[in-house]
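*Asks:*
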Amino acid sequence: MSRTLLTGNGAAAWGARLAHADYIPAFPITPQTEIIETLAQWIDTGQMDSRLVTLESEHSMITAAGGAAATGVRVFSATSSQGLLYAMEMLYTVAGWRTPFVLVNVSRGLSAPITLEADHNDVMAARDCGFLQLHCATCQEVLDNTLIAYRLAEDERVRLPVIVNLDGFYLSFTREPVIIPDPQETTAFVGPFNPASIHFRASAPESQAVAVLGGAPYSYFRYELHLAAQNALSVYDEIRAEFRETFGRDYPAVDAYHAEDAELVFVMLGSFATKARAAVDQLREAGWSIGLVQPHLLRPFPEPLLQQLLAGKRGVAVIDQNLSMGKGGVLHTELAAALYGHPDAPPVLASFIGGLGGRDITAEEFFEIARVLRDAVSAGRAPLPRLLYTRDELLEIRKLQAVAHVERKELGKTT
Amino acid sequence: MTDTTTRFRRMKDLPSTHLLGTGTPMCAGCGGLEALHEIYDVLGEKTVFVNAAGCMTLLSVYPFTPFRGSWLYTAMASAPAGAQGIRDALDILREKKGLPPEEDLEVVVLTGDGAAYGMGLSATSGAMERDLDFIYICYDNEGYGNTGQQYSGATPHAARTATSKGAHGFAGYKKDLFSIWAAHRPAYVATVIGSEPLDLARKIETARSLKGPRMIISLAPCPTGWDYDPRDSVDIGKLAVKTGVWPLKEYRDGRVLHTKVPHERLPVEEYLKKQGRFAHLFEPERDETLLDELQAKVDVYWSSVELQGG
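Read top to bottom, the protein sequences are chains A and B.
Oh and the first sequence: position 227 is 279 in my numbering, straight run, nothing missing.
Oh and the second sequence: position 125 is 127 in my numbering, straight run, nothing missing.
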């Protein structure tokens, strides 16, 4: 065990190294590239016994990852944003193959307009594909969860690929103190790769991923996938307990911070939840009865735990770092579905959208969210969904638009 | 070509037992299936076929397969990347996990022309540039056959397809995939056709003996897509070669060699008039301009072959 400063990307690479990933199909994309550069360097200098192959696209990368896992080796891969979407067809496909491997996604906003900084629309787009999803808030979580993800993926009751998600820039390029666990302990924890029933061998011919005719066999296999994903909820708790006993760090499927005795609750995913945590501290100092509920597992969706943690709350503010166009926040929608009809469900479930494309959510905004939530609880009805944006930001965009207009006019004169 | 090193010197040297099972949902007279039968007999069952979306995706339908070896269906664009993952994993298992050599498999990509000439070209280029040790078999029926024969990058000029039903058929020209592949300088590129089984078997045997990317394009006469009676598939295949429309050739060590040169080439229209997709060139009246153009293209090709000495 050693303690060092690592970026989120460095932590992800350490996770793959400690899990003894045999095969790493890769493709560079900002802000993920540091992960594959780090792994490539370790392999080149003999510090890691693995094979890294750069494919010509993420679509091919995920195909190769699935093909290798289906042949019987432990696979790691990483991508981000446009890359995750370029691979989308294969995300669904390899999950259907029931190939267990780990894919780190470094969240980044989606085009258009093109940007480099973080939000969760990329990973939310992969919500329904059959990959399980672990969402990290710190660099330590990235390393630890990569190890946990292998156990979850390879468990006989699950057998599904897993996405470990971290936010671009805020985690990918931010150095935090990270404990690198003892390699002997991680090797024992992760264990050797178990190919179970999938492999390609001359003596045991196998047809994998064949076509089906008709809706009944198709539905059967899709239901099986869904049930396996749901199995992952209890399997996760077993693995989490073993991880806690071995390494002393605990990652409940849903993290709760001062939530138990709180009347009002923020709900958030990922690294920005640490900002919500700081806001909770400040609000509590000012006398507010407020807490934070932070899902760590998004797929499978930890419904029973969320129902339990939010039971009896007077108001809940879901802050989504994603936006489903024409609907709103994805987490808000999912939480509403999980809570609907429960006798103790909070009467007010408010929706806020913020942090798109790396836009900050300031402490003042968390305070404003808390005020809006409190007023809604007093009034007894949920407020309209809010798109967080400040007067100053609007002023800045108006300035940019003014420059654009002037430039276009000037251009018009010369042509 | 007489190659004294091959085990296939005469028709009777060809395998007499057939490995690929019957009862597949391929159309009667499928020229692609004909070629696959012959190819599989030479490659054998120590293979894993990596398939892309196309007609042959329906070969393995749960819970049946005509293959004695293995199979993986991927998607339309990325079968060569699936082959990459499997080949790399088998290498890792051999090197690190003690997989015995007799358990190893030849990794074979199987796609139609829709994937090979278009959507999958980037993945194929990548596999060749990485010098992937695999065999690629493209069954080329010159259109998106499984969806009802719309034109693809492999459709020949003037052919009528479901998306080129005008008076002059398809306005574009068949892409030269052989040259595109050969430009990557892979270990081997060859054209074959099921109606020339000896030439086909020799080439598959050659491919088997090499390492690296070994790329095979089989012209696949298609009764449903080309509109002819299924019993004519072999004849049409033979005419494709005798008229010079489908040159049988191979690329190796930087050189292209024609393996069966039709010295007395039949007129191209002998091939065209057997197929409904070219009927508009003959009915209601002969389209001499188009027929001349099609003949001239074939003539120009073979003149350049003669100039280059074979």
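Where is the CB? At the ideal position from N, CA and C, for every residue including glycine.
According to the Cβ coordinates, are B/Gly227 and B/Gln277 closer than 7 Å?
*Replies:* The count along the second sequence starts at 1 and reaches residue 227 of chain B at position 225. The count along the second sequence starts at 1 and reaches residue 277 of chain B at position 275. Taking 7 Å as the Cβ cut-off, B/Gly227 and B/Gln277 do not qualify as a contacting pair.
*Asks:* If we count the other Cβ atoms within 10 Å of its Cβ and call it buried at 16 or more, is B/Arg11 buried or exposed?
*Replies:* For the purposes of this step, residue 11 of chain B is taken as residue 9 along the second sequence, with counting starting at 1. Exposed.
*Asks:* Between A/Gln30 and A/Asp171, is the Cβ-Cβ spacing less than 7 Å?
*Replies:* As displayed, chain A neither begins before 53 nor continues past 467, which places residue 30 of chain A out of reach and without an answer.
*Asks:* Is any beta-carbon of chain B found at less than 7 Å from that of A/Glu276?
*Replies:* The residue given as residue 276 of chain A occupies position 224 in the first sequence. Not an interface residue.
*Asks:* In or out: B/Arg288 buried (at least 16 other Cβ within 10 Å) or exposed?
*Replies:* Numbered from its first residue, the second sequence carries residue 288 of chain B at position 286. Under this definition B/Arg288 is an exposed residue.
*Asks:* Which partner residues does A/Asp219 have in the DSSP bridge list?
*Replies:* As a working mapping, residue 219 of chain A is identified with position 167 in the first sequence. Partner(s): A/Ser159.
*Asks:* Should A/Met53 go down as buried or exposed, given a rule of 16 or more other Cβ atoms within 10 Å for buried?
*Replies:* Translated into positions along the first sequence, residue 53 of chain A becomes position 1. Classification for A/Met53: exposed.
*Asks:* Under a CB-based cut-off of 7 Å, is A/Arg253 close to chain B?
*Replies:* Here residue 253 of chain A refers to the residue found at position 201 of the first sequence. Judged by the 7 Å Cβ criterion, A/Arg253 is in contact with chain B.
*Asks:* With DSSP collapsed to three states, give me the class of B/Gln310.
*Replies:* Looking up residue 310 of chain B in the second sequence gives position 308. In this structure, B/Gln310 counts as coil in the three-state DSSP scheme.
*Asks:* How long is the line joining the alpha carbons of A/Ile232 and A/Met142, rounded to whole angstroms?
*Replies:* In the first sequence, the residue the question calls residue 232 of chain A occupies position 180. In the first sequence, the residue the question calls residue 142 of chain A occupies position 90. Spanning the two alpha carbons is a distance of roughly 32 Å.
*Asks:* Can you name the start and end residues of the beta strand (DSSP E) that B/Lys275 belongs to?
*Replies:* Here the question's residue 275 of chain B lines up with position 273 in the second sequence. Premise fails: B/Lys275 is in no beta strand (DSSP E) and is neither H nor E.
*Asks:* Quick one: what's B/Ala189 bridged to in DSSP?
*Replies:* As a working note, residue 189 of chain B is residue 187 in the second sequence. None; B/Ala189 has no bridge partner.
*Asks:* Using DSSP with H/G/I as helix, E/B as strand and the rest coil, what is B/Gly150?
*Replies:* Here residue 150 of chain B refers to the residue found at position 148 when the second sequence is read from its first residue. B/Gly150: coil per DSSP, three-state reduction.
*Asks:* Please list, in chain order, all residues of the same chain as A/Ala177 whose beta carbon is under 8 Å from its beta carbon, the five residues on each side excluded.
*Replies:* The count along the first sequence starts at 1 and reaches residue 177 of chain A at position 125. Within the same chain, A/Ala177 has close Cβ partners Leu136, Leu137, Met140 and Leu162.
*Asks:* Please classify A/Ala248: does DSSP put it in a helix, a strand, or coil?
*Replies:* Position 196 of the first sequence, counted from the start, is the residue given in the question as residue 248 of chain A. Here A/Ala248 sits in coil by DSSP.
*Asks:* Mapping the DSSP letters down to three states, classify B/Leu22 as helix, strand or coil.
*Replies:* If you number the second sequence from 1, residue 22 of chain B lands on position 20. Of the three classes helix, strand and coil, the one that applies to B/Leu22 here is coil, per DSSP.
*Asks:* Once DSSP output is grouped into helix, strand and coil, what is the label at B/Trp73?
*Replies:* Along the second sequence, one-based indexing puts residue 73 of chain B at 71. Looking at B/Trp73 - three-state DSSP - the assignment turns out to be strand.
*Asks:* Flag A/Asp234 as yes if its beta-carbon sits less than 7 Å from any beta-carbon of chain B, otherwise no.
*Replies:* Working through the first sequence from its first residue, we reach residue 234 of chain A at position 182. A/Asp234 does not count as touching chain B.
*Asks:* Which term fits A/Gln84, buried or exposed, when burial requires 16 or more other beta carbons within 10 angstroms of its beta carbon?
*Replies:* On the first sequence, residue 84 of chain A is found 32 positions in, with the first residue counted as 1. A/Gln84 is buried by the Cβ-count criterion.
*Asks:* By how many angstroms is the C-alpha of B/Pro82 removed from the C-alpha of A/Gln346?
*Replies:* Numbered from 1 along the first sequence, position 294 holds the residue referred to as residue 346 of chain A. Numbered from 1 along the second sequence, position 80 holds the residue referred to as residue 82 of chain B. Between A/Gln346 and B/Pro82, the C-alpha separation is close to 41 Å.
*Asks:* Here's the rule I'm using: 16 or more other beta-carbon atoms within 10 Å means buried, otherwise exposed. How should A/Val458 be labelled?
*Replies:* For the purposes of this step, residue 458 of chain A is taken as the residue at position 406 of the first sequence. A/Val458 is exposed by the Cβ-count criterion.
*Asks:* Does the segment 319-333 of chain A come within contact of the segment 201-220 of chain A, defined as at least 3 CB pairs closer than 8 Å?
*Replies:* Output reads yes: the segment 201-220 of chain A touches the segment 319-333 of chain A.
*Asks:* Can you look up A/Ala73 in the DSSP assignment and give me helix, strand or coil?
*Replies:* The residue you call residue 73 of chain A lines up with position 21 of the first sequence. Reduced to three states, the DSSP call for A/Ala73 is coil.
*Asks:* Below 7 Å between beta carbons is the criterion; list the residues of the segment 181-206 of chain B that meet it against any residue of chain A, in chain order.
*Replies:* Answer in chain order: no residues at all.
*Asks:* Counting only beta-carbon separations shorter than 7 Å, does A/Asp74 have a partner in chain B?
*Replies:* Residue mapping note: residue 74 of chain A aligns to position 22 of the first sequence, counting from 1. At least one chain B Cβ lies under 7 Å of A/Asp74.
*Asks:* Please confirm whether A/Val242 and A/Ala454 have their CB atoms less than 7 Å apart.
*Replies:* For the purposes of this step, residue 242 of chain A is taken as the residue at position 190 of the first sequence. For the purposes of this step, residue 454 of chain A is taken as the residue at position 402 of the first sequence. No, they are not a contact pair.
*Asks:* Might you give, ordered along the chain, the residues of its own chain that have their beta carbon closer than 6 Å to the beta carbon of B/Met3, omitting 5 neighbours on each side?
*Replies:* Your numbering for residue 3 of chain B matches position 1 in the second sequence. Since pLDDT at B/Met3 reaches only 48, below the 50 mark, its modelled position is unreliable, and no value is offered.
*Asks:* What residue from B/His265, B/Ala160 and B/Lys14 has the CA that sits closest to B/Leu292's CA?
*Replies:* Within the second sequence, residue 292 of chain B is the residue found at index 290, counting from 1. For B/Leu292, the nearest C-alpha among the options comes from B/Ala160.
*Asks:* Which residues, in order along the segment 130-159 of chain A, keep a beta-carbon less than 7 Å from a beta-carbon of chain B?
*Replies:* Per Cβ criterion, the list reads Glu141, Met142 and Thr145.
*Asks:* Using the Cβ count rule (16 or more neighbours within 10 Å means buried), how would you classify A/Gln99?
*Replies:* For this step, residue 99 of chain A is matched to residue 47 along the first sequence. A/Gln99 is exposed by the Cβ-count criterion.
*Asks:* Quick one: what's B/Lys262 bridged to in DSSP?
*Replies:* In the second sequence, counting from the first residue as 1, residue 262 of chain B sits at position 260. Partner(s): B/Leu250.
*Asks:* Do you know whose CA, among A/Ser271, A/Glu312, A/Val262 and A/Val287, lies nearest A/Pro184's CA?
*Replies:* As a working mapping, residue 184 of chain A is identified with position 132 in the first sequence. One detail in the question is off: residue 184 of chain A reads as Leu in this sequence, not Pro. It is A/Val287 whose Cα lies nearest to the Cα of A/Leu184.
*Asks:* Use the C-beta contact count for B/Glu266: other C-beta atoms within 10 angstroms, 16 or more gives buried, fewer gives exposed.
*Replies:* Start at 1 with the first residue of the second sequence, and residue 266 of chain B comes out as number 264. By the neighbour-count rule (16 or more Cβ atoms within 10 Å), B/Glu266 is not buried but exposed.
*Asks:* Have a look at A/Gly410, A/Leu408, A/Phe419 and A/Val368 and flag the residue whose alpha-carbon is nearest the alpha-carbon of A/Asp396.
*Replies:* Working through the first sequence from its first residue, we reach residue 396 of chain A at position 344. It is A/Val368.
*Asks:* Between the Cα of A/Thr131 and the Cα atoms of A/Ala64, A/Pro435 and A/Ala434, which residue gives the shortest distance?
*Replies:* Residue mapping note: residue 131 of chain A aligns to position 79 of the first sequence, counting from 1. Cα-wise, what sits closest to A/Thr131 is A/Ala64.
*Asks:* Since A/Gly124 meets chain B, which of its residues come closer than 7 Å, beta carbon to beta carbon?
*Replies:* For the purposes of this step, residue 124 of chain A is taken as residue 72 along the first sequence, with counting starting at 1. The answer, in chain order, is Ala91 and Leu95.
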